[in-house]
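Colleague:
Residue numbers (my numbering), protein chains in the order written: chain A, 3 to 451; chain B, 847 to 1142.
1) Out of A:199, A:165, A:219, point me to the one whose CA is closest to residue 206 of chain A's CA.
2) Take residue 67 of chain A and list the residues in its own chain whose beta-carbon comes closer than 8 Å to its own, dropping the five residues that flank it on each side.
3) Counting contacts by CB-CB distance shorter than 7 Å, is residue 195 of chain A in contact with chain B?
4) Under the DSSP definition of a beta bridge, which residues are partnered with residue 364 of chain A?
5) By DSSP, does residue 1073 of chain B sit in helix, in strand, or in coil?
6) Between which residues of its own chain and residue 212 of chain A is the CB-CB distance below 7 Å, once the five residues before and five after are set aside?
7) Counting only Cβ-Cβ distances shorter than 9 Å, please list the residues of the stretch 366–398 of chain A near chain B, keeping chain order.
8) Residue 177 of chain A: buried (16+ other C-beta within 10 angstroms of its C-beta) or exposed?
9) Taking C-beta pairs closer than 9 Å, name the residues in chain B that residue 56 of chain A reaches, listed in chain order.
10) I'd like to know if residue 227 of chain A contacts chain B, where contact means its C-beta is closer than 7 Å to some C-beta of that chain.
11) Taking the Cβ atom as the reference point for each residue, do residue 41 of chain A and residue 19 of chain A lie within a distance shorter than 7 Å?
12) With a threshold of 7 Å on Cβ separation, who are the neighbours of residue 1038 of chain B within its own chain once the five nearest residues in sequence on each side are excluded?
13) Within the 7 Å Cβ cut-off, does residue 943 of chain B reach chain A?
14) How many angstroms separate the CA atom of residue 231 of chain A from the CA atom of residue 342 of chain A?
15) Excluding the five sequence neighbours on either side, which residues of its own chain have a C-beta within less than 7 Å of the C-beta of residue 890 of chain B, listed in chain order?
16) Which residues of the stretch 1080–1093 of chain B have a Cβ closer than 7 Å to any Cβ of chain A? Give them in chain order.
17) With H, G and I counted as helix, E and B as strand and the rest as coil, what does DSSP make of residue 873 of chain B?
18) For residue 966 of chain B and residue 1134 of chain B, which I take to be in contact (beta-carbon distance under 8 Å), what is that distance rounded to the nearest angstrom?
19) What does the Cβ neighbour count give for residue 954 of chain B, buried or exposed, with the cut at 16 atoms within 10 Å?
20) With distances taken between CB atoms, is the gap from residue 912 of chain B to residue 423 of chain A smaller than 7 Å?
21) Quick test of your reading: residue 925 of chain B and residue 961 of chain B, contact by CB under 8 Å. State the CB separation rounded to the nearest angstrom.
22) So is residue 13 of chain A in contact with chain B if we call contact Cβ pairs under 7 Å?
23) Taking residue 1036 of chain B as part of the alpha helix (DSSP H), name the residues at either end of that continuous run.
24) Using a cut-off of 8 Å between C-beta atoms, extract the partners of residue 235 of chain A located in chain B.
25) Beta-carbon separation of residue 876 of chain B and residue 854 of chain B under 7 Å?
26) When the Cα atoms are used, what is the spatial distance from residue 863 of chain B to residue 922 of chain B?
27) For residue 1023 of chain B, tell me which candidate among B:1036, B:1004, B:929 has the shortest Cα-Cα distance.
28) Which residues in chain A have a C-beta closer than 7 Å to the C-beta of residue 1013 of chain B? List them in chain order.
29) Thinking C-beta only, is residue 1009 of chain B closer than 7 Å to residue 1058 of chain B?
30) Report yes if the CB atom of residue 1055 of chain B is closer than 7 Å to the CB atom of residue 1137 of chain B, and no otherwise.
31) Rank A:128, A:228, A:72 by C-alpha distance to the C-alpha of residue 151 of chain A and give the top, closest one.
32) Rounded to whole angstroms, what's the CA-CA distance from residue 263 of chain A to residue 1047 of chain B? Just pull it up for me.
33) Leaving out five residues on either side along the sequence, give the residues of the same chain with a beta carbon under 8 Å from the beta carbon of residue 132 of chain A.
34) Could you tell me which uninterrupted beta strand (DSSP E) segments, each at least 3 residues in length, are contained entirely in the stretch 217–274 of chain A, listed from first to last along the chain?
35) Take the Cβ of residue 334 of chain A as the centre, count every other Cβ of all protein chains shown within 10 Å, and call the residue buried at 16 or more, exposed below.
36) Can you pull the chain A residues whose beta carbon is under 7 Å from the beta carbon of residue 1125 of chain B, in chain order?
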């Protein structure tokens, strides 16, 4: 994994790549396609010139929407030689400080003047700029830069960037899941290479993609989906290599009941297999491909959809089965983040988990998680239950001007997490063979405290 | 058992997590013939643990507990403290913001009690590597021993040196650097050296704002970009059913007189499921400053 300096190739932007455009704190995910117009921050852009450049390059947007790498980071601010005031006692808001009119500014823009130069002109024509305090000047320029600077940075997508992007642009699509909450989910569910994860999400595929990123193409993810097929737009944005997609499987949630019912028939024959459910899941998926009519649940229409959209539909059935059985060796961790009521989803899908495996449920609202919590306490089979949320605060850190940002996110949703344990109440054989007779074996009331 | 791979049965030599209650979790090194005392009685490893499934309920003379498969998160609440440690809330956010994933090369200092280290190792396995630097010799040795016990030593190199003076011991390899030291600004230059030419992410954890201030200046001087400081706090809710009494306004003259005797007189109340926040909660752990090293 050593970095041999000159190997720039893997860091270059290629045609067909999924990338993220960034300006300021605004992100947008796009695919690099030849001569394709992309709208970003009210501007038309052609991304063709980005091909072959390195990721994280800043580009200037030229007239006509073409990009040009923005080589020199002009750190010299236009206020270099300007003097500054000490306070604002003589600054009056008469609305006449700026001598350039809106039309003048538009004209400058029409002329194709660079953002940097427009800002310079604005400063030069600002009557009281010199009276502003140094801090106030910096703030003014920063504000103008945001408005007039015509640059865009092209980033390689990552869970961090996409989670921030979705939260900023389309929180409704991801059930208002804030990125720090997503971070908690990935950690609490102990997502790592080689794990098997059961996911139920209606967050546009963002949660699924984040899980896949953390698994790095090792292990497997089984996506339970509602309706006609899984939503994976968010997964596309990650731009995973093809082999990552081989680890992704899906199963329609409307067949879970049938699956569990089927399990009851066969699990008796195989008492040792702790993963019977999982095997069943795979078998059922197989069965479904071969004879969709056999399933009792779901409309035939949905089933044919499944058959068509299934990742494995076209593959050699025998190979698939072998793969899936191999994959069934360990039961998954469980991650739920959906707009559905989490209670039935959790209680239904928990049945697929082995003991001592983590699960985490996200909900935008706390009330359904309170219900989940109560239900789990009643049913048993879980420990370490925690109902939490996180609070995220950003800081401005500047010399003599450090403080929390004035605006913060109101809420990033709630999480219920825990660990499964064996529901079997029979005592382990070993513990009774103590040499000395056990004293009173009093049952503890509730170790959960 | 391994911290980077699940197994089903407890074996000799494993580290198992004894879950006694919500706030009482302890790690146990499983050894044939060994015994561990708990408040619920003695655990005999040979019979109570070895060969049992992770997640089983084990009965002791005075009660029972669950035995859980180790994870970095359980380790964080169970580990023996040798220093102040990072907790899961911060760790989770750091992991995402540093863009850690399988294959990442990470530099960390100081190693401390290894709370974050285990989480990093879990995330970067099986192809990544952690270079961790701890200037306290005894702590460095202890944590190296733990990595071995936890079967993650192939993924980590522990160096006993002063990161502010000697750096991380590697050059141009790291995708991410994490600093949790008293004077991170002194290590920013070394962090830059350790990082890949193509760039990477840095995070510094500091409890005091003055430390943040100096670190941000150093980052700026070293050409780091996208510098941002954040704080993330956890709130844990207690779930409970509460009962709120209803006031008695006395007999209502408006209502029909026949119904009055049927209405319950004083003890009407409504019960509802709700949550409460603890009377006290952690209000501050540290500020997390993130930055991107651009391509150099």
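By construction, the Cβ of each residue, glycine as well, lies at the ideal position given by its N, Cα and C atoms. This one's a predicted model, so the numbers in the text were calculated from it and none came from an experiment.
Modeller: If we stick to the structure as given:
1) The residue given as residue 206 of chain A occupies position 204 in the first chain. For the residues A:199, A:165, A:219, the minimum Cα distance to residue 206 of chain A belongs to A:165.
2) Taking the first chain and counting its residues from 1, one reaches residue 67 of chain A at position 65. Contacts found: 39, 45, 46, 47, 48.
3) Sequence index remark: in the first chain, residue 195 of chain A carries index 193 (1-based). Yes, residue 195 of chain A lies at the interface with chain B (some Cβ there is under 7 Å from its Cβ).
4) Looking up residue 364 of chain A in the first chain gives position 362. Answer is A:339, A:417.
5) In the second chain, the residue the question calls residue 1073 of chain B occupies position 227. Strand, per DSSP.
6) Counting from one through the first chain, the residue named residue 212 of chain A turns up at place 210. Hits under 7 Å: 161, 165, 184, 188.
7) 368, 369, 371, 372, 373, 375, 376, 379, 385, 386, 387, 388, 389, 390, 391, 392, 393, 394, 395, 396, 397, 398
8) The count along the first chain starts at 1 and reaches residue 177 of chain A at position 175. With 16 or more other Cβ atoms within 10 Å, it is buried.
9) What you label residue 56 of chain A is simply residue 54 of the first chain in a count that begins at 1. Neighbours of residue 56 of chain A on chain B, chain order: 1044, 1141.
10) Position 225 of the first chain, counted from the first residue, corresponds to residue 227 of chain A. It does not: the Cβ of residue 227 of chain A has no partner Cβ on chain B nearer than 7 Å.
11) For the purposes of this step, residue 41 of chain A is identified with residue 39 of the first chain, where counting begins at 1. For the purposes of this step, residue 19 of chain A is identified with residue 17 of the first chain, where counting begins at 1. Cβ atoms of residue 41 of chain A and residue 19 of chain A: not closer than 7 Å.
12) Within the second chain, residue 1038 of chain B is the residue found at index 192, counting from 1. Excluding residues within five positions, the ones whose Cβ falls inside 7 Å are 1068, 1139.
13) Residue mapping note: residue 943 of chain B aligns to position 97 of the second chain, counting from 1. Yes, contact with chain A.
14) For this step, residue 231 of chain A is matched to residue 229 along the first chain. For this step, residue 342 of chain A is matched to residue 340 along the first chain. Going from the Cα of residue 231 of chain A to the Cα of residue 342 of chain A covers about 16 Å.
15) Here residue 890 of chain B corresponds to residue number 44 of the second chain, with the count starting at 1. Contacts found: 881.
16) 1080, 1081, 1082, 1083, 1085
17) Your numbering for residue 873 of chain B matches position 27 in the second chain. Reduced to three states, the DSSP call for residue 873 of chain B is strand.
18) As a working note, residue 966 of chain B is residue 120 in the second chain. As a working note, residue 1134 of chain B is residue 288 in the second chain. Their Cβ separation, rounded to whole angstroms, is 15 Å, which puts residue 966 of chain B and residue 1134 of chain B out of contact at 8 Å.
19) On the second chain, residue 954 of chain B is found 108 positions in, with the first residue counted as 1. It is buried - the Cβ of residue 954 of chain B has at least 16 other Cβ atoms within 10 Å.
20) Walking along the second chain from the start, residue 912 of chain B turns up at place 66. Walking along the first chain from the start, residue 423 of chain A turns up at place 421. For residue 912 of chain B and residue 423 of chain A, yes; Cβs fall inside 7 Å.
21) Counted from its first residue, the second chain places residue 925 of chain B at position 79. Counted from its first residue, the second chain places residue 961 of chain B at position 115. Sure, about 6 Å apart at Cβ, within 8 Å.
22) As a first step, residue 13 of chain A is located in the first chain; it is residue number 11 there, counting from the start. By this cut-off, residue 13 of chain A is an interface position.
23) Numbered from 1 along the second chain, position 190 holds the residue referred to as residue 1036 of chain B. Annotation: the continuous alpha helix (DSSP H) that includes residue 1036 of chain B extends over 1034–1040.
24) The count along the first chain starts at 1 and reaches residue 235 of chain A at position 233. Those do not exist, as residue 235 of chain A stays about 20 Å from chain B at its closest Cβ, beyond 8 Å.
25) Counting from 1 along the second chain, the entry for residue 876 of chain B is found at position 30. Counting from 1 along the second chain, the entry for residue 854 of chain B is found at position 8. Not in contact: residue 876 of chain B and residue 854 of chain B (Cβ atoms no closer than 7 Å).
26) In the second chain, the residue the question calls residue 863 of chain B occupies position 17. In the second chain, the residue the question calls residue 922 of chain B occupies position 76. Near 11 Å, if we compare the C-alpha coordinates of residue 922 of chain B and residue 863 of chain B.
27) Against the second chain, residue 1023 of chain B aligns to sequence position 177. Among B:1036, B:1004, B:929, the Cα nearest to that of residue 1023 of chain B is on B:1036.
28) The count along the second chain starts at 1 and reaches residue 1013 of chain B at position 167. Taking a Cβ-Cβ cut-off of 7 Å, residue 1013 of chain B has no neighbours in chain A, whose nearest Cβ is about 16 Å from it.
29) Your numbering for residue 1058 of chain B matches position 212 in the second chain. Your numbering for residue 1009 of chain B matches position 163 in the second chain. Between residue 1058 of chain B and residue 1009 of chain B, the gap from beta carbon to beta carbon reaches 7 Å or more.
30) Position 209 of the second chain, counted from the first residue, corresponds to residue 1055 of chain B. Position 291 of the second chain, counted from the first residue, corresponds to residue 1137 of chain B. Contact flag unset, no.
31) Start at 1 with the first residue of the first chain, and residue 151 of chain A comes out as number 149. With distances taken between Cα atoms, residue 151 of chain A lies closest to A:72.
32) Here residue 263 of chain A refers to the residue found at position 261 when the first chain is read from its first residue. Here residue 1047 of chain B refers to the residue found at position 201 when the second chain is read from its first residue. Straight-line Cα distance between these residues: approximately 49 Å.
33) Here residue 132 of chain A corresponds to residue number 130 of the first chain, with the count starting at 1. Closer than 8 Å at the Cβ level, and outside the excluded window around residue 132 of chain A, lie 84, 85, 86, 87.
34) Qualifying beta strand (DSSP E) stretches, in chain order: 222–227, 250–254.
35) To locate residue 334 of chain A, count along the first chain from 1; it is residue 332. That one is buried.
36) Residue 1125 of chain B sits at position 279 when you count from the first residue of the second chain. By Cβ distance, chain A contributes nothing, its closest Cβ being about 16 Å from residue 1125 of chain B, past 7 Å.
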